[in-house]
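Asks:
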Amino acid sequence: MSTRMTNRDLQALERRKQILDVSKKLFLEQGYHATSMRMINKTVGLSEALTYHYFPNGKLEIFKAVVEAGHENSIKQIQTVIQTFRHDMPLRDALITFGKTVHQLFATDDSIIPLVIRERQLLDSSEYKFINETTQQLIDTFAAYLKNPKVRPKLKSFDLRLGILQYTYNFTTSSIFGESLFNDNYDEYVSELADMTLQLWCE
């Protein structure tokens, strides 16, 4: 039986989200080490004691929560797009849409990718495990779509999850280094990549 949330519970969730949103913006703009708890408190408009009430371990706990929430949100948005794919949709179109969605989400100004790279020494095995598990959920969502017998052209027998992961890396990489690094015409690059993937994956 589910427990109904009280107004106090909802207020606590909103306060936590507010702290995370402000902290994420400051971490991206200033960097982790240059962002102080005082700066976070002042921007959010909360007392130091109240901020520590929500995050007892302070700035590091906030940073790790920012990374996890940001990654999970991006993964859910990509999964939502995959779930709109029709099984009669040409596989080439699905590959292109999937790739561009990954790139666009991780290339946004508020993406946590730069934080993960720049401050990776702050993350421990539990954060990397979370990132890996949520990424695998994304891979599984796309794999479930591709395994439907109605999808055409028909796929070869191979490690589909590994193939999706390799395909995805092309777009997370382009989101980090920029479109121009890969091709002057990024749409053309994506189309060529989808065509090459079809040749490798399909009978």
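Numbering (our numbering), first residue to last: 19 to 221. Glycine included, every Cβ here is placed at the ideal spot set by N, Cα and C.
1) Could you pull out every residue in the same chain whose Cβ sits closer than 8 Å to the Cβ of residue 120, ignoring the five residues on either side in sequence?
2) Run through DSSP, which three-state label would residue 64 get?
3) Would you call the region 79-94 in contact with the region 131-143, where contact means no fewer than 3 C-beta pairs closer than 8 Å?
4) Among all the DSSP beta bridges, which residues are the ones paired with residue 173?
5) Flag this pair as yes or no: are the beta carbons of residue 216 and residue 110 separated by less than 7 Å?
6) Does DSSP put residue 228 in a helix, a strand or coil?
7) Taking the C-alpha atoms as reference points, what is the distance between residue 224 and residue 197?
8) According to DSSP, is residue 39 helix, strand or coil?
9) Between the Cα of residue 168 and the Cα atoms of 54, 104, 100, 148, which residue gives the shortest distance?
10) Can you tell me where the alpha helix (DSSP H) with residue 158 in it begins and where it stops?
11) Can you have a look at residue 16 and say buried or exposed, based on whether 16 or more other CB atoms are within 10 angstroms of its CB?
12) Which same chain residues, not among the five before or five after residue 7, have their C-beta less than 6 Å away from its C-beta?
13) Residue range of the alpha helix (DSSP H) that residue 129 falls in?
14) Does residue 82 come out as helix, strand or coil in the three-state DSSP assignment?
15) Within its chain, find whatever has a CB closer than 8 Å to the CB of residue 140; leave out the 5 residues flanking it on each side and keep chain order.
16) Measuring only the C-alpha atoms, how far is residue 39 from residue 175?
17) Taking only three categories from DSSP, how would you classify residue 190?
18) Report back the beta-carbon spacing between residue 36 and residue 62 to the nearest angstrom; my notes put them in contact at under 8 Å.
Replies: Well, looking at it:
1) Contacts found: 96, 186, 189, 190, 193.
2) Correct three-state label for residue 64: coil.
3) Verdict: yes, contact present.
4) DSSP links residue 173 through a beta bridge to 220.
5) Yes, the pair counts as a contact, with Cβ atoms nearer than the cut-off.
6) One cannot answer for residue 228 here, as it falls past the ends of the chain, which runs 19 to 221.
7) Past the edges of the chain, shown from 19 to 221, lies residue 224, and the structure says nothing about it.
8) The answer is helix: DSSP assigns residue 39 an H, G or I state.
9) Comparing Cα positions, the closest option is 104.
10) Per DSSP, the continuous alpha helix (DSSP H) segment holding residue 158 begins and ends at 143-164.
11) Given a span of 19 to 221 for the chain in the structure shown, any question on residue 16 remains unanswerable.
12) Given a span of 19 to 221 for the chain in the structure shown, any question on residue 7 remains unanswerable.
13) Neither: residue 129 is in no alpha helix (DSSP H) and is coded neither H nor E.
14) Residue 82: helix per DSSP, three-state reduction.
15) So the qualifying residues of the chain are 50, 78, 81, 82.
16) The straight-line gap separating the alpha-carbon atoms of residue 39 and residue 175 is approximately 44 Å.
17) Here residue 190 carries a helix assignment [DSSP, helix/strand/coil].
18) 6 Å between Cβ atoms; contact.
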